[in-house]
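Q: Before I ask anything, let me first share the structure, which is written out below as structure tokens.
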Amino acid sequence: MPQGPPLEGEPREPEKPIGYWETRLMNSLGRELLLKHWDFPLFESLARKYGISLTDSTILDVGCGSGYTTLLISERFRPRKLQAFDVVPEQVERARTRGVQAEIFVADITDPHLPPRSFDAVFVCGVLHHCPEWRKGLAQTAALLKDGGLLFLEEPGKNHIRLETLLMGHPPAGGAWLGLEEIRQEMPRLGLSTLEERPLYFGLFGAFLCVKKAAEHSVDYISARELLRVRQTGKIAAGQEVPA
Ligand SMILES: C[S@@+](CC[C@H](N)C(=O)[O-])C[C@H]1O[C@@H](n2cnc3c(N)ncnc32)[C@H](O)[C@@H]1O
62 MPQGPPLEGE
72 PREPEKPIGY
82 WETRLMNSLG
92 RELLLKHWDF
102 PLFESLARKY
112 GISLTDSTIL
122 DVGCGSGYTT
132 LLISERFRPR
142 KLQAFDVVPE
152 QVERARTRGV
162 QAEIFVADIT
172 DPHLPPRSFD
182 AVFVCGVLHH
192 CPEWRKGLAQ
202 TAALLKDGGL
212 LFLEEPGKNH
222 IRLETLLMGH
232 PPAGGAWLGL
242 EEIRQEMPRL
252 GLSTLEERPL
262 YFGLFGAFLC
272 VKKAAEHSVD
282 YISARELLRV
292 RQTGKIAAGQ
302 EVPA
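Plus 61 on top of the position in the sequence shown (first one is 1) and you've got the working numbering.
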């Protein structure tokens, strides 16, 4: 729990990425019900709307917590390969006990040690507001996506953070104090184009579906929307098949 500023000369414990009560809430049946009946149906409906199928894809679940998001990704999107990580080892242990067909490990969003451009889709649910270096974390996440790869992201807005601070008596651990506006502004800088943003939990949270465009310096630079069309139709131009 964040305390006041340290007294002069007093060493201070590094702040935990997630606090005691929030961990309990995150690992609760309530959170699972929300994810199952609210967040994931929303992600699925966005995917359907844009004709996206992730069957046979490679997916990463960033900040997987107790692994319930990993389970839902596995059941609802049926990827060929699923990886998930969290910075808290106890959460990784918990996630592993669910028996999901996924590789689950300890890593930090700001330095995940994964090869760039290796995922068709990445899910980030409620992680950035725990991360003081959230811009770096989001940039690292964008770098992990293939061109045309998809980012499914969910974060609380500032009103929720204020409410949580009031109820818990302190701001969420990590204290990033970011809101949806900051995320909106950051996406284009990272080559991410937002296909759609939807309010979640009566607007206290926001859900984003973004697509990564080809690097602007690349010879065959194409826009994010064109890349999405290529994903959907399997054609680059009339009659031409996309190479595997
Ligand atoms: C609010 S919980 C969400 C967990 C899960 N995604 C869900 O939606 O139920 C945020 C998670 O992000 C993890 N986290 C915080 N900072 C992180 C970081 N720098 N890198 C990776 N995970 C982090 C926390 O340990 C926690 O499990």
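Quick reminder that beta carbons are idealized off the backbone N, C-alpha and C, glycines included.
#1: Taking the continuous beta strand (DSSP E) assigned at A268, which residues delimit it?
#2: Leaving out five residues on either side along the sequence, give the residues of the same chain with a beta carbon under 8 Å from the beta carbon of Q201.
#3: When you get a sec, list the residues whose CB is within less than 5 Å of any heavy atom of ligand 1, chain order please.
#4: Three-state secondary structure (DSSP) at R171?
#5: Could you name the residues of the same chain whose beta carbon sits closer than 7 Å to that of R141, not counting the 5 residues immediately before and after it, in chain order?
#6: Can you tell me the Cα-Cα spacing of P75 and G91, whole angstroms?
#7: Ordered along the chain, which non-local residues of its own chain (more than five positions away) have a Cβ less than 6 Å from that of L214?
#8: Going by DSSP, name the residue or residues bridged to V149.
#9: Count the other CB atoms within 10 Å of the CB of Q293; is the residue buried (16 or more) or exposed (fewer)?
A: Quick answer:
#1: 266-273
#2: I170, T171, D172, P173
#3: P78, I79, M87, G124, G126, T130, D147, V148, V149, Q152, D169, I170, C186, G187, V188, H191, C192
#4: Residue identity check: residue 171 is Thr in the sequence provided, not Arg. In the structure shown, T171 sits in coil (DSSP, three-state: anything other than H, G, I, E or B).
#5: D117, S118, T119
#6: Model confidence at P75 stands at a pLDDT of 49, short of 50, so the residue's coordinates are unreliable and nothing is read from them.
#7: V185, F269
#8: DSSP, once it has assigned bridges, lists no residue as partnering V149.
#9: exposed
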